[in-house]
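Per the working numbering, residue 49 is the first one in the sequence shown, and the count goes up by one each step. Some notes on the structure that comes next.
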Amino acid sequence: MKTFNFSLIILGIFILIAHNLNAQASIEGIVGCEGGPPFEGAEVTCGSFTDSTDVTGYYYIDDIPPGSYSVHFNIPGYMPYWIIVDLVDGTTTELNYIIDCCDFTLEPLSLGTIIDPNGSVTKTVTISNEGDASIQWNTNINYLSKYSKAFFDVIYQVPISDTAQEIGVTCDGNYIYTTEHTGHLRKYDLDGNLIQIYPIGGFDDLVWTGEKFFACNGSSLIFELDLDLGIIYTFFIAPMEISTFTYDSENLAFVGYKFGNDIVVFDEFGILLNTIPVGPDYPDIHGLAYDNKTEDGPYLWVYGAIENNTNMITQYEFPSFIPISFNANMEEILPYPVNNESGGLFMNFDQGTGLSVLGGIIPGEWLWTVELSKTWNWLSLEPSSGSLDAGETEEIEVHFSASDLEPLLYEAEINFATLPLVASPSVNCVMWLANECLPYNFEYQPDCLELSLSWEQTSCYILPDSWNIFLDGEIVANVTEPQLILPVLPKTDYQFGVSAVFIDIGESWLVSGDTINLPTPTGLTPNNLTANPTNFDSVFCFEWEQQACVDPDYYKVFRNNVFFDQTLNNTYCDILTQPGIYEYYVTAQYYFGESTPTDTIVYEWVSTTVLPNTRPGILVYPNPVSDIVLIQTDMDIYKVELYDHLGRCVSSVDKSVDFHKINVSGFDSGLYFLKIETSETLMLQKLIIR
């Protein structure tokens, strides 16, 4: 016997019993969370009547004929709910819908990492449900740095000089360079803006090897260029005449061609490495570009003419030169009209936008670039979906992988979706390959007791916001330019280092420079110690020269091998009190130490006339002085004279002036002697005028 079970599911059916066609009923209520916030914008439907909740969660529906209705509650993100309600004539029925709600939060909202080439890093995002009901969640990764729009999308097509006839082109990763067959070399930025014209030229094409520029002119001569100096540095002879060429960076070889010949591969010594036959079915080649970045490469891109199409791009396997089933007519791809035939071709794997780029030149018309890059999936999550019960917390592992990635900045966002749809937060993720954005090429230049430090920064997607400078492992400065001048001590070993600082990503590795020993500056010792005769045999003055690149803090004066005074000037006068033989020398005192002594100078005083610099009952002040010097004594003053450090009288004060107040403000700063003659004595006083 067969048994059948029937389940009748009735959705959206309501029964309306009208007692009075003219009577009306209404319904109102609150839609919200149990013990939590209300729902704004929840849709409440009663039969054919609808309202949405306001910011307080309140709804109100009136003018409803009395009867039995199914009332539906539709909260965005939650499962719909309905209930049968009888509405009475002339009555407002209260119907609240309060549910257990879930809550979804996560932290942090951004993740950044500096990662080793081909390395991996794992970080953690914590998700939480602080609500009263369970929640389901899912994720989706949106790669913001895709590095691949449609293959061969045009980046730009910019006009160039219609008279220069630029024919060859190359790129060093930072700038684009073009050649004129009978003119000059030109330098453009990566957006095609002309920056500089070099005073050398007359070439058909040029290439950048990663270290040097080389150019060809249709002959068998290949020229090495020094663009910093604007000169041809040297040359070598290729195995055949070359009018266009490119560089195989993996095998360190040139790949060159001239119309009517085969393609040849040769090294920097001109040694032939390979010959690739070019048959009649191949294009008339005007430009070549080696490509070892495109998947399944390497390839050789050719820019030239095929029959009447003079701007054709074709792709070949290398070194077999087997054509790939791809070609592009740039006259059809470029947005602006093309009238002239093709010129040179180049590849750039570090474009400012982070794209792998193919670029070419149309002589007298255009410089263009197109995209070749692919997208790398460098981010993964574990787990990537799940559920959280009320009050539960879970950690998601975010795996960053730099396997086989180009040296670029990678950005993505992790988008979360929940059911119920209570939140849709995102986590911003940034990954940066550390070794591609490091300081390098440190240069040091000592200058006296300063050290000029400079460096270069590798070309990367973004420039550092600043650099941290380390001295013996400790940060000593943060600068926004790749150079710094530091005060240092001589005869000391220093270990310098620099790291690049990116505000949004972090700090790069510390790149250590060489250990540097700053040489001691020359000329630290004063020299040419010379006597300056004075009119007083009891006063011995001398001076010296200072040739050091740094000023001393002061000079120390020694008499008979004993230190007895110091001075800031390079002159000194010693007022002696008794005859004798005196030997003097001077040293310079620096913040880092004392110099060696000067040669000695000897003074013999044989006179019996003594002019002591102090006498009881005479006081001279202030000393040093800048304006008025006061002489205090009970003795009668007959005469006051002022002498410079060479013993020359520069002022004599007679009785018409108050001897007790002498104005010296009109004299230059320096060492002077005040000679005071009184009724009882004669005194010579050293005086410093500021």
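Backbone N, C-alpha and C fix where the C-beta goes; we use that ideal spot for every residue, glycine too.
Annotation: the stretch 422-510 contains no complete segment of the alpha helix (DSSP H) (minimum length 4 residues). When DSSP states are grouped into helix, strand and coil, Met378 belongs to the helix group. Beta bridge pairing from DSSP links Asn188 with Asn463. Residues Ile78, Val79, Gly80, Thr101, Val103, Thr104, Gly105 and Tyr106 of the same chain have their beta carbon placed closer than 8 Å to that of Pro86, with the five preceding and five following residues left out of the count. According to the DSSP assignment, Ser168 belongs to the beta strand (DSSP E) that extends over Ser168 to Ser176. In this structure the stretch 266-284 does not touch the stretch 379-396; the number of beta carbon pairs closer than 8 Å is below three.
Residue pairing from DSSP places Lys687 in a beta bridge opposite Glu725.
Exposure of Ser500 is indicated by the presence of fewer than 16 other C-beta atoms within 10 angstroms of its C-beta. Counting C-beta pairs closer than 8 Å gives fewer than three between the stretch 248-263 and the stretch 433-448, which falls short of the contact rule.
Burial state of Ile410 is buried, judged by a 10 Å Cβ sphere holding 16 or more other Cβ atoms.
Ser514: member of the beta strand (DSSP E) spanning Ser514 to Leu519, first to last residue. In this structure, DSSP gives Gly335 an extended state, which the three-state scheme calls strand. Less than 9 Å separates the beta-carbon of Leu192 from that of Glu459. Residue nearest to Gly167 within the set Asp310, Ala450 and Phe97 is Ala450 (criterion: CA-CA distance). Rounded to whole angstroms, the gap between the alpha carbons of Gly628 and Gly641 is 33 Å.
A distance below 6 Å between beta-carbons, with the five flanking residues on each side excluded, links Thr161 to the following residues of its chain, in chain order: Val169, Phe448 and Met479. Close CB contacts of Pro468 within its chain, under the 7 Å cut and outside five residues either way in sequence, are with Gly125, Tyr126, Cys150 and Ile183 (chain order).
Residues Ser74, Ile75, Glu76, Val92, Cys94, Phe97, Thr98 and Asp99 of the same chain have their beta carbon placed closer than 8 Å to that of Ile109, with the five preceding and five following residues left out of the count. Asp210 sits away from Thr227, with the two beta carbons spaced by 9 Å or more. For Pro207, the uninterrupted beta strand (DSSP E) run begins and ends at Val202 to Pro207, by DSSP. Annotation: Glu652 to Asn580 spans about 14 Å, alpha carbon to alpha carbon. If you check the CB distance, Ile710 and Leu690 come in under 9 Å.
Annotation for His120: the continuous beta strand (DSSP E) segment containing it runs Gly115 to Asn122. Two segments are said to touch when three or more pairs of C-beta atoms, one from each, lie closer than 8 Å; by this definition the stretch 541-554 does not touch the stretch 676-686.
Using a 10 angstroms sphere on the CB of Pro567, the tally of other CB atoms stays under 16, which defines it as exposed. Just so you know, the alpha carbons of Phe721 and Ser586 end up roughly 12 Å apart. Counted as a single uninterrupted DSSP element, the beta strand (DSSP E) harbouring Phe302 occupies residues Ala301 to Tyr305. Of the residues Cys477, Glu504, Leu453 and Pro494, the one whose Cα lies closest to the Cα of Pro487 is Glu504. Here DSSP, grouped into helix, strand and coil, assigns Leu159 to strand. Contact between Val173 and Ile444 holds: CB atoms are separated by about 5 Å, below the 8 Å threshold.
Shown here, Ser547 sits in a strand according to DSSP, grouped into three states. When the alpha-carbon of His334 is set against those of Gly266, Val634 and Leu300, the nearest one is in Gly266. Secondary structure of Thr573 (DSSP, three-state): coil.
Here Pro287 is actually not in contact with Leu336; their C-beta atoms are around 16 Å apart, not less than 8 Å.
Judged by DSSP in its simplified three-state form, Asp220 adopts coil rather than helix or strand. For Gly318, the CB contacts under 6 Å within the same chain, skipping 5 residues up- and downstream, are Phe284, Ile285 and Ala286 in chain order.
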